[in-house]
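Numbers given in my numbering equal positions in the sequence shown, counted from 1, plus 26. Quick notes on the structure that follows.
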Amino acid sequence: MIGPEFWRRYLRVYDVLNSLPTYRQLLADVCEELGVRENELIMDAGSGTGNLALRIRGSGGKVVAIDYCREALESHRSKDIHCSPVLADLERGLPFKDNCFDKIASNNTLYAMSAMHQKSALKELRRVLKTGGKIVIANPRRRLNFLRVSMNVISDNIRAEGFGTTARKMVASMPVMIMMAYYNRKLRTDNQHCFYDYEEQRDLLEDMGFRQVSQTKLIYSGQAVLNSAIK
Ligand SMILES: C[S@@+](CC[C@H](N)C(=O)[O-])C[C@H]1O[C@@H](n2cnc3c(N)ncnc32)[C@H](O)[C@@H]1O
């Protein structure tokens, strides 16, 4: 069963991703699509250890990070004493008024929910987004190939930091990468989880009443899909 306890364990190793250029580029792609403006109120839905929220804040946005895993919020707070993340479950309703956020971002979160819960989460996100506000979501693809991602990560890293640094980094992070592969496998097998096929995320946003849904962009070395839309 995928729930806060699963994420508590997974997030203990998750931040190894921050050392990888491929993941940092993924966060940059989400931020670019979001087009953050100074002082906009932006929700990071499923904020985890705060990696995306920190970037959005660095770009001038006021972030409200929400996650249902208490330890994730603690980890986020340990990185940013000024943040006040909110403990809330996207599948059960959010403690915010209608139409209160300028923008919403959600990275690597909806893919782990059942199709039914993805819909209830998006309905709730739409409710709290201002009319005319923008939502940006990114999630791994159904055919995500962990080996291929790893190979792409290694070659991106060699280009960015050279062979020696990459080799040292890979050896040091091997145990954590094995744990990540294990948790990704668990997501696929243990749950009615719902990774996305190429156009599925786009279709879902349209079905949930969002408009101007963007063409699907492939990010994360082609292993994740990114879409934006307007309420
Ligand atoms: C893979 S992590 C992604 C973290 C972050 N968005 C990032 O890009 O680094 C998925 C996060 O979604 C959170 N999450 C999953 N289902 C959720 C739900 N129903 N309500 C709130 N948070 C949820 C998990 O607790 C976890 O922190």
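In this text, a Cβ means the ideal position worked out from N, Cα and C, and glycines have one as well.
Residue i Cβ short of 7 Å to ligand 1 heavy atom set
| i | result |
| --- | --- |
| Met139 | yes |
Rounded C-alpha distance that separates residue i from residue j
| i | j | result |
| --- | --- | --- |
| Lys145 | Leu230 | 8 Å |
| Thr157 | Phe127 | 9 Å |
| Val154 | Gly84 | 23 Å |
| Asp106 | Val112 | 14 Å |
| Arg50 | Asn165 | 15 Å |
| Leu278 | Phe32 | A question about residue 278 goes unanswered here, because the residues of the chain that appear run from 27 up to 257. |
| Leu46 | Val175 | 11 Å |
| His108 | Ile161 | 24 Å |
| Asp115 | Arg35 | 18 Å |
| Ala147 | Met139 | 9 Å |
| Asn65 | Gly159 | 14 Å |
| Gly76 | Ala91 | 7 Å |
| Glu187 | Met203 | 19 Å |
| Thr215 | Tyr137 | 13 Å |
| Val179 | Thr48 | 6 Å |
| Thr265 | Leu213 | Nothing can be reported for residue 265: it is not among the residues displayed for the chain, which extend from 27 to 257. |
| Gln238 | Tyr222 | 20 Å |
| Val39 | Lys195 | 15 Å |
| Ala125 | Gly119 | Sequence inspection shows Asn at residue 125; the Ala mentioned does not correspond to that position. Looking at the two C-alpha atoms, the distance is approximately 14 Å. |
Candidates the options: closest to residue i by CA position
| i | options | result |
| --- | --- | --- |
| Asn24 | Arg96, Met69, Gly159, Leu155 | Outside the shown range of the chain, which is 27 to 257, sits residue 24, and nothing can be said about it. |
| Ala98 | Gly86, Arg83, Ala79, Gly235 | Ala79 |
| Arg168 | Arg34, Cys220, Tyr209, Met200 | Cys220 |
| Ala207 | Met27, Ser110, Leu173 | Leu173 |
| Gly72 | Gly188, His102, Asn183, Glu232 | His102 |
| Val62 | Leu43, Lys123, Asn210, Val89 | Val89 |
| Ala131 | His108, Ala198, Asp93, Asp41 | Asp93 |
| Ile256 | Phe236, Ser247, Arg35 | Phe236 |
| Leu53 | Met139, Met234, Tyr246 | Tyr246 |
| Gln249 | Tyr224, Gln241, Val239 | Tyr224 |
| Leu43 | Met142, Gly74, Arg211 | Gly74 |
| Gln227 | Thr135, Tyr40, Gly188 | Thr135 |
| Arg81 | Met139, Glu59, Asn210, Thr242 | Glu59 |
| Phe122 | Leu67, Lys243, Thr191, Asn183 | Leu67 |
| Gly29 | Met234, Arg96, Ile184 | Arg96 |
| Asn210 | Glu117, Asn171, Leu252 | Asn171 |
| Asp41 | Met205, Val239, Ser240, Tyr222 | Met205 |
| Cys57 | Gly86, Leu37, Arg38 | Gly86 |
| Ser240 | Met234, Gly119, Asp233, Ser254 | Ser254 |
Contact test: residue i Cβ vs ligand 2 heavy atom, cutoff 7 Å
| i | result |
| --- | --- |
| Gly248 | No copy of ligand 2 occurs in the structure displayed; its ligands are ligand 1 alone. |
What residue ranges within the region 106 to 178 form continuous beta strand (DSSP E) runs of no fewer than 3 residues, ordered along the chain? 127 to 133, 155 to 166
Uninterrupted beta strand (DSSP E) stretches inside the region 27 to 76 (no shorter than 3 residues): 67 to 71
Pull every residue with its beta-carbon under 5 Å away from any heavy atom of ligand 1, and keep them in chain order. The answer, residue by residue, is Trp33, Gly72, Gly74, Asn77, Leu78, Asp93, Tyr94, Cys95, Ala98, Asp115, Leu116, Glu117, Asn133, Asn134, Thr135.
At which residue ranges does the region 195 to 229 contain complete beta strand (DSSP E) runs of 3 or more residues, listed in the order of the chain? none
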